[in-house]
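In my numbering, the protein residues as written are 2 to 98.
For glycine and all other residues, C-beta sits at the position ideal for the given N, C-alpha and C.
If you're wondering where the values come from, they're calculated on a predicted model, not measured in any experiment.
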Amino acid sequence: MSKSIEDLKNIRSKIDEIDEKLISLMAKRTNFATEIALLKVELNMPVNDEKREREIRERICKLCEKYNFDCDLALKIIEMLVEYNKKIQIKEISLKK
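Written out as structure tokens, the structure is:
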């Protein structure tokens, strides 16, 4: 069966839907970073938590094995999100002081 332009459009449409879900999920993750910042203020905890970041990296690599996805790529993406979320937490914490 030969692939057609319509097949290409359908697959691209599916990718577009996945992109939207990814952006939506990243936005939700970032919103949780704000909530975490408020909790860290109450608990007098620092923004940086190396133990938690190590746990995240380990969990991501396990998920990559499960879904046969490139761990290095996933870690780069997650590390960018974590760094961005830490900046948000620092901003939120500075507003609460």
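Own chain residues within Cβ distance below 7 angstroms of residue i, not counting five before or after
| i | result |
| --- | --- |
| residue 54 | 83 |
| residue 42 | 94, 97 |
Residue i, enclosing alpha helix (DSSP H) - first and last residue
| i | result |
| --- | --- |
| residue 95 | 72-97 |
| residue 32 | 6-43 |
Buried or exposed by the 16-neighbour rule on C-beta atoms within 10 Å, applied to residue i
| i | result |
| --- | --- |
| residue 86 | buried |
| residue 180 | No information on residue 180 is available, as it lies outside the stretch 2 to 98 that the chain covers here. |
| residue 28 | exposed |
When the options are compared against residue i, the one with the closest alpha-carbon
| i | options | result |
| --- | --- | --- |
| residue 62 | 80, 46, 51 | 80 |
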